[in-house]
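Take the sequence shown: its letter number 55 is residue 103 in our numbering, and every next letter is one higher.
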Amino acid sequence: MTTFHVQYVTNEHGLKTAVQIPLQEWQELLKEYAYFKQYATLKQGLTEAFQEIQEIESGKTSGKTLQEFLNEC
């Protein structure tokens, strides 16, 4: 696990209102976020595809031919 070097910004009452981290750590977080966002998008697409397969197999919806699928692109 990554250790972050954070600094807290507080208001006049001592309540934390913001966090500061070194720029290099922020850039690493952005890279990791982009990776996980891409992973989540792929996972969602696969989940939807498997749900659609189940609907087709159960007769709830009709499938498409390969040609119909390619025509959509």
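Each residue gets a CB set at the ideal place from its N, CA and C atoms; glycine is no exception. As the structure is a prediction and not an experimental result, all values here were calculated from the model.
Cutoff 6 angstroms; reference ILE104; Cβ partners in own chain excluding five residues on either side: GLY111
In whole angstroms, give me the CA-to-CA distance for LEU78 and GLN68. 15 angstroms
Looking at ASN59 and THR65, is the spacing between their C-beta atoms short of 8 angstroms? yes
Can you tell me whether DSSP reads LYS79 as helix, strand or coil? In the structure shown, LYS79 falls within a helical segment according to DSSP collapsed to helix, strand and coil.
Look at the alpha carbon of TYR81 and the alpha carbon of GLN92, and state the distance between them as a whole number of angstroms. Going from the Cα of TYR81 to the Cα of GLN92 covers about 16 angstroms.
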